[in-house]
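The sequence shown: position 186 = 196 (the working numbering), numbered continuously.
Note that the Cβ used here is the ideal one computed from N, Cα and C, for glycine as well.
These numbers come from a predicted model, not from an experiment.
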Amino acid sequence: MSSDGNKKQFWKRNAAKVPGSIQHVYGAQHPPFDPLLHANLIKAGNKPPPATPGKPKKATTFQEFESITSDAWDVGDDDDELLAMAAQNLNIEVVMETANKVIENHSKQQERQRQDDTTEPGQGEEDAQEEVAAEELEEEDEYLRVEEVEAISPDASFASQSSPYADSRLVKSHSEAPIGSPRDAAGERPGLHRQRSLPHRPPVIPLVARMADQNTSGTPAMTEREASRLDKFKQLLAGPNTDLEELRKLSWSGIPRQVRPIAWKLLSGYLPANAERRESVLQRKRQEYFGFIQQYYDSRNDEHHQDTYRQIHIDIPRTNPLIPLFQQASVQEIFERILFIWAIRHPASGYVQGINDLVTPFFVVFVFEYIEEEVENFDVSSLQEEALRNIEADSFWCMSKLLDGIQDNYTFAQPGIQRKVKALEELVSRIDESVHRHMQQYEVEYLQFAFRWMNNLLMRELPLRCTIRLWDTYQAEPEGFSHFHLYVCAAFLVRWRKEILEERDFQGLMILLQNLPTMHWGNEEVSVLLAEAYRLKFAFADAPNHYKR
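Written out as structure tokens, the structure is:
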């Protein structure tokens, strides 16, 4: 079968996401692997012969990827005085020092892991068997103690057995994802065993959908360094006028959960630096948003708005389908209102698939402003109505601020994405020519996988917990969402060079690039990715002669 025929067969089967279409190929947050597709691709008669090097086929037309829109762009009427801070720059020495420390620490940890791997195999196997046996005994004792306290109905059905989130399509990422530490592997098994054994427990949340950093087990005590950083944030935010430049410096390496809501509102330009003005600004903006609801939301059933509302209504249930929080009817109604009002106020783009993903980090962060427990299974109906209204309005305005900086990603023909994908291709050709030539050899166009990286800001490739950490830096970095994201994508692609070079056909490369095994990622992996991205930006952003051949 020809290479061209293989590509057509792949796209027909895989139904890769095209803006404006209903089908999606999901990444880290979504069921990442279709076993039926995989089985069909590896049948003996289906696997193509290795392609020979040659001139690649002409790139797929962009019309296959863009969403048709019309009308003129409405930039909104938000406070102009708050936009000036985007022009400020970070202290390069501070950030480069942070980047080098992160990479150095990561290298040391990898070296320690290699040394651990060289220990006597027999001894390590015996230790592992003893540890598993001890865990099973402990679980059995715990179950028996619970059984003595309450009678368990013989026909009880447990969430883990019937949960819609226990999808067999996660198998590929499970087997291929790098495990952060032995504690992760050991800690996951008892948790699943307990879920099967004990009644009246919430549904099992897949690892990819958990908000807690998976580099740690449970919720560890705050380290001395973390406590010190939190104190610095609190002192900075407690002043009458917050130094936004200093806030950016602190936030680049991550923001503590306790202060992330106020920090994001300040960094996005939603709130003023002056503490006395914040409450009045919040009240005014929240009232303004709900004024839009009263003015526009009833028009969703009008003939000229039906298509927009229908597409939003279709996409909302697909947003983070593995996290029960986003499957609650009240949360989906909030998202529908936010997206519809934004589309009405920005007719140049209207609603484009992918924008629905951009609401979720803001919503989760602002929910944390009112709760202390984990958010995955949180029932938002337990919040007071005023708190829920505040979360909705704040999410709308902060998402609007973000989209104002990348508006050309979603206007007609999506020119911003076209430019960024082309820039990514040129950048990768300079930093890793082997990966670039490998893609060319098997006729993989960057637009075929990187469109989603730009359109969804990597949200389909990373767990939501990683996206939130990534956005800490994006909001601290000048033009983080529009400019720095390019270097993060380049670092992200090169991060998988070994896996990419091992694939020897078009289908294998596309399945890999659309289902990268990041489900075990946590803060450490994101910090290393950001450090590498900053190195690339430092080397190429202001050096056009090095950027292009």
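When you compare each of the options to residue i by their alpha carbons, which one comes out closest?
i: Ala-283; options: Ser-263, His-314, Leu-247, Gly-301; result: Leu-247
i: Gln-458; options: Leu-398, Arg-470, Gln-524, His-446; result: Gln-524
i: Ala-403; options: Met-449, Leu-281, Thr-318, Asn-533; result: Leu-281
i: Phe-300; options: Phe-406, Ser-340, Phe-376, Thr-252; result: Phe-406
i: Gly-279; options: Met-464, Glu-382, Leu-413; result: Leu-413
i: Asn-466; options: Tyr-420, Ala-541, Asp-367; result: Asp-367
i: Gln-338; options: Ser-290, Gln-316, Ser-392, Glu-289; result: Ser-392
i: Lys-118; options: Leu-240, Phe-550, Ser-340, Val-538; result: Val-538
i: Pro-488; options: Ile-416, Leu-519, Tyr-420, Ala-423; result: Ile-416
i: Gln-450; options: Ser-492, Arg-470, Ser-309, Met-520; result: Met-520
i: Tyr-380; options: Leu-437, Arg-220, Cys-476, Arg-267; result: Arg-267
i: Glu-453; options: Phe-502, Arg-507, Gln-517; result: Gln-517
i: Arg-545; options: Met-469, Leu-437, Trp-506; result: Leu-437
i: Glu-513; options: Ser-444, Asn-115, Lys-547; result: Ser-444
i: Glu-286; options: Asn-251, Ile-303, Phe-302, Glu-255; result: Asn-251
i: Ser-439; options: Glu-382, Gln-394, Phe-550, Arg-239; result: Phe-550
i: Ser-492; options: His-446, Arg-429, Trp-506; result: Arg-429
i: Thr-329; options: Ser-309, Val-369, Gln-394; result: Val-369
i: Lys-411; options: Trp-274, Asp-241, Glu-255; result: Trp-274
i: Tyr-420; options: Lys-242, Leu-332, Phe-461; result: Phe-461
i: Trp-277; options: Glu-236, Leu-332, Phe-548, Gly-490; result: Per the sequence presented here, residue 277 reads as Leu, with Trp not at that position. Of Glu-236, Leu-332, Phe-548, Gly-490, the residue nearest in Cα terms is Gly-490.
Evaluate residue i with the Cβ neighbour count: other Cβ atoms within 10 Å of its Cβ, from every protein chain shown; 16 or more gives buried, anything less gives exposed.
i: Ala-500; result: buried
i: Arg-258; result: buried
i: Asp-418; result: buried
i: Asn-110; result: exposed
i: Gly-532; result: buried
i: His-495; result: buried
i: Lys-244; result: exposed
i: Gly-249; result: exposed
i: Met-232; result: exposed
i: Gln-293; result: exposed
i: Asp-253; result: exposed
i: Asp-515; result: buried
i: Ser-290; result: exposed
i: Asn-311; result: exposed
i: Ser-238; result: exposed
i: His-314; result: exposed
i: Gln-424; result: buried
i: Asp-325; result: buried
Are residue i and residue j closer than 8 angstroms when you measure CB to CB?
i: Val-504; j: Ala-543; result: no
i: Met-529; j: Pro-473; result: yes
i: Ile-478; j: Pro-334; result: no
i: Arg-296; j: Phe-378; result: no
i: His-448; j: Leu-511; result: yes
i: Ile-441; j: Met-464; result: no
i: Ile-113; j: Ala-541; result: yes
i: Glu-535; j: Leu-522; result: no
i: Pro-327; j: Gln-342; result: yes
i: Phe-350; j: Tyr-307; result: yes
i: Ser-468; j: Phe-502; result: As written in the sequence, residue 468 is Leu, which differs from the Ser given in the question. In this structure, Phe-502 lies closer than 8 angstroms to Leu-468 by Cβ.
i: Met-221; j: Arg-475; result: yes
i: Val-390; j: Ser-340; result: yes
Give the DSSP bridge partners of residue i, in chain order.
i: Asn-284; result: Asn-251
Looking at residue i and the ligand NAP, is the gap between the Cβ and the nearest heavy atom below 7 angstroms?
i: Lys-275; result: In the structure shown, the ligand NAP is absent, as is every other ligand, since no ligand is present at all.
### Query
Is it a yes or a no for the segment 386-393 touching the segment 346-353, going by three-plus beta-carbon pairs under 8 angstroms?
no
### Message
Three Cβ pairs or more, each shorter than 8 angstroms: is that satisfied between the segment 254-265 and the segment 477-485?
### Response
yes
### Query
For the 8 angstroms Cβ check, are there 3 or more pairs between the segment 395-412 and the segment 433-449?
no
### Task
Could you tell me whether the segment 350-363 touches the segment 443-461, where touching means 3 or more Cβ pairs closer than 8 angstroms?
no
### Query
At a cut of 8 angstroms, does the segment 358-371 reach the segment 316-330 through at least three beta carbon pairs?
yes
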